[in-house]
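A short worksheet on the structure shown next.
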Amino acid sequence: MIEIKNLTKKFGQNLVLDNLSFSVAKGEILGFLGPNGAGKTTTMKIITSFWPATSGQILIDGLDTAVNSLATRRKIGYLPETVPLYEDMRVFEYLKFVAEIRGLEKFKIMPRLKEVVSLCGLSKVWRRPIDELSKGFRQRVGLAQAIMHEPDILILDEPTTGLDPNQIVEIRDLIKTIGREKTVIFSTHILSEVSATCNRVIIINNGKIVGQGSPAELEKQYGNLEQAFRELTK
Amino acid sequence: MNKLQYLKIIYILFKKELMSYFNSPIAYIFIGVFLIVGNWLFFNAFFLIGQASVRNYFSLLPWIFLFLSPAITMRLWAEEKKSGTIEFLLTLPVTDWQVVLAKFFSALAFLFFSLLLSISIPFSVAWLGNLDMGPVIGGYLGALFLGGSYLALGLFISSLTKNQIIAFILGLVACFTAFIIGADFVLAGAPAALAPLMKFIGLGSHFNNIARGVIDTKDIIYYLSFIFLFLWLNVRVIEKRSWK
C-alpha cells in the first residue's frame, strides 16, 4: 500500500532523513516512534506531498507521490501535529468545506457529516466557532477532517498529545476502529498506546530506522517497549 | 481532471475565502472605512468645484485602494502560514494554481462588492446635474483592473512572509511604487531613455486612460498581464514551499 524507498531529506546541510526505506501493508496500524527531531513529522509531511523529498521515492498503491500527487493526496487523510484549523469558521462550516473540497457528492455530504460528527463526538460543539473549542475538541475536529472522505490511508501526527486520559482512550479506540479496514500511520510518545493499538512499530532516530517489529516482538527482545526505545535511540 | 471539476474546486475554495472575510469584523470595517473616506474626500471638493463630474472620485480611488488592497491581501497567505493551516490546505487534492486563483478572485470579489456600494456617488451626482455616464462606467472598469493589479501584487507579497504587518507594509510600498512609476512628475526626473518604459510599466498611466472613458485594449491587456505575472510568481513561491 505504501512503499517508501531510500527517502532522504536535507534542509540545507542538515540531513533530516537518511535513506529511509519501509513499507506499510493494507490494514496495518503502524506506530511511528522516535525522539523529538528524529524525522517522524518530516516523513509524514513528505508522504502527504506537503514537502518534496531531496531524493528517494514514495509509492502509494504504486503511484509516485511526486508525479501523481493529486491522486495520492486523494487517498490520504492527514492530521498534522499542530492541528491547524480555520479559527474563524464554525465547526459545521469547516467540516462542510472539507467534505466539499474532498469531492463528496452533494447528496452524500449531509449523511457523511452526521456520521463523522457522531463518530468523533462533535454534536455538542457543532455550531461553535472553532477558536472557542478546547484542545480535546480541536483534536476531534482535526480527526473528523482527516477521515471525512473515508481515505484508505490515515496519517496522524501525535494525535493524542494534550488530551486527558479519557480522551486518549476515545481517540485510541477510534484509531482501532478505523484501522480495521484502513492503513494507519501514527506517531506518538506514549508507549503504552503503541502496544494497545499497533500491529507494527518502527523506531527511528536521526533519520534512520533503528528498530522495527510488532510490539510483542520488541517486548520479547528488550523486556518492554520503553527499554527498547531507550536502547535503540541512545 | 476535467475543466468543470477544476473550476468547481476553485469555486469551493473561493467560497471558503469569502466566508472568512465576513466571519471576521475586517470586512465590515473595511467597507465602512472605504465608503466614509471615499465619500468624504469626494464631496469635500465636489461642491467647491460645482461640476457634475465624478472624475475627481476616480482620481482619488487609486490612492484609497493603495491602503485598502494590501489590507485585504495581507492575511491571505501570511495567516495560513502562521497558523499552519497551509499544511492542511496544500495537502488537499488541489493544485497550487487553484488555491492562488481562488484567493485572488475572492479578494477581487470583495473589492468589487465594496466598489458596488460606492455607486451612491455617481447616482447622487446624476441627480444633482447632468452626468456623462461614459467616464463613470470607464472609471469603475478601470478601478476594477487597477484594484485587481494591486491585489495580485499584494497576494504575492503575502506569500513571502508569515507576518501580516510586514505583508501589509511591503504590499503598500510595492503598490505605491508600481502606481507612481509612470506618473508625470516621476518621469520628469527620470533618465530620458527610461521614461517611455517607466510610463508603460506604471499602473497609474494606464488608469488615467480608462478613467477618462477611453477603453483601449492595450490598457486592458497590460492590466491582465500584470495580474497574471504576479499570480504566476505567487504559484512559484507556493510550489517551492521554501518556508519552514
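Line by line, the protein sequences are chains A and B. Residue numbers 1 to 234, in my numbering, belong to the letters of the first sequence in order. Residue numbers 1001 to 1244, in my numbering, belong to the letters of the second sequence in order. Quick reminder that beta carbons are idealized off the backbone N, C-alpha and C, glycines included.
I need the boundaries of the beta strand (DSSP E) containing residue i, first residue and last residue.
i: Leu-30/A; result: 29-33
i: Ile-76/A; result: 76-79
Using a cut-off of 9 Å between C-beta atoms, extract the partners of residue i located in chain B.
i: Trp-51/A; result: Arg-1241
i: Leu-70/A; result: Met-1001, Pro-1093, Val-1094 and Thr-1095
i: Thr-183/A; result: Those within 9 Å of Thr-183/A in chain B number zero; the least Cβ separation is about 16 Å.
i: Glu-297/A; result: The question about residue 297/A has no answer here: the residues shown for chain A are numbered 1 through 234.
i: Phe-22/A; result: Correct list: empty, because the minimum Cβ distance to chain B is about 21 Å.
List the residues of chain A that residue i touches, going by C-beta distances under 7 Å, in chain order.
i: Gly-1084/B; result: Pro-80, Thr-82 and Pro-84
i: Leu-1090/B; result: Phe-50
Just grab the DSSP bridge partners of residue i for me.
i: Glu-132/A; result: None; Glu-132/A has no bridge partner.
i: Asn-14/A; result: Phe-11/A
i: Ser-55/A; result: Thr-8/A
i: Leu-20/A; result: Leu-7/A
i: Asn-205/A; result: Lys-208/A
i: Gly-213/A; result: Val-201/A
i: Asp-64/A; result: Leu-59/A
i: Ser-187/A; result: Phe-32/A and Asp-157/A
i: Arg-73/A; result: Bridge partners of Arg-73/A: none, in fact.
i: Arg-90/A; result: Pro-129/A
i: Ile-2/A; result: Val-24/A and Ile-60/A
Does the distance from the CB of residue i to the CB of residue j come in under 8 Å?
i: Ile-190/A; j: Thr-160/A; result: yes
i: Thr-1073/B; j: Gly-1148/B; result: no
i: Lys-182/A; j: Asp-152/A; result: yes
i: Ser-1118/B; j: Gly-1038/B; result: yes
i: Asp-61/A; j: Met-1/A; result: yes
i: Gly-1202/B; j: Ile-1220/B; result: no
i: Gly-1013/B; j: Ile-171/A; result: The amino acid at residue 1013/B is misidentified as Gly; the sequence shows Leu. No, these two residues do not count as a Cβ contact at 8 Å.
i: Thr-48/A; j: Ile-155/A; result: yes
i: Tyr-94/A; j: Leu-85/A; result: yes
i: Ile-58/A; j: Leu-17/A; result: no
i: Ile-4/A; j: Asn-199/A; result: no
Which residues of chain B have a Cβ atom closer than 8 Å to the Cβ of residue i, listed in chain order?
i: Asp-88/A; result: Ser-1020, Asn-1023 and Ser-1024
i: Glu-150/A; result: Correct list: empty, because the minimum Cβ distance to chain B is about 14 Å.
i: Phe-32/A; result: What Phe-32/A touches in chain B: nothing, since even the nearest Cβ is about 17 Å away.
In chain A, which residues lie with their C-beta within 8 Å of the C-beta of residue i?
i: Leu-1013/B; result: Ile-101
i: Ile-1010/B; result: The premise fails here: Ile-1010/B is roughly 11 Å from chain A at the closest Cβ pair, so nothing lies under 8 Å.
Which two residues bound the contiguous alpha helix (DSSP H) that contains residue i?
i: Pro-84/A; result: Counting along the chain, Pro-84/A falls outside any alpha helix (DSSP H), and DSSP gives it neither H nor E.
i: Leu-1101/B; result: 1096-1117
i: Ala-228/A; result: 225-232
i: Lys-26/A; result: Lys-26/A -> no alpha helix (DSSP H), and no H or E assigned at all.
i: Thr-42/A; result: 40-47
i: Thr-1085/B; result: 1085-1090
Please list, in chain order, the chain B residues whose beta carbon lies closer than 7 Å to that of residue i.
i: Arg-74/A; result: Pro-1093
i: Phe-186/A; result: Correct list: empty, because the minimum Cβ distance to chain B is about 16 Å.
i: Phe-107/A; result: Ordered by position in chain B, no residue passes the 7 Å Cβ test against Phe-107/A, which lies about 16 Å from the chain.
Kindly indicate if chain E contains any beta-carbon less than 8 Å away from that of residue i.
i: Phe-137/A; result: In the displayed structure, chain E is absent; the protein chains listed are A and B.
To test your reading of the DSSP string, which unbroken alpha helix (DSSP H) runs of 4 or more residues are found completely within the region 1007-1054 of chain B?
Segments of the alpha helix (DSSP H) lying fully in the region 1007-1054 of chain B: 1026-1049.
Where are the beta strand (DSSP E) runs, 3 residues long or more, that stay fully inside the region 102-185 of chain A, in chain order?
153-157
At 4 residues or longer, what runs of the alpha helix (DSSP H) sit wholly inside the region 1128-1199 of chain B?
1133-1158, 1164-1180 and 1184-1189
Alpha helix (DSSP H) segments (min. 4 residues) lying fully within the region 1198-1235 of chain B
1203-1211
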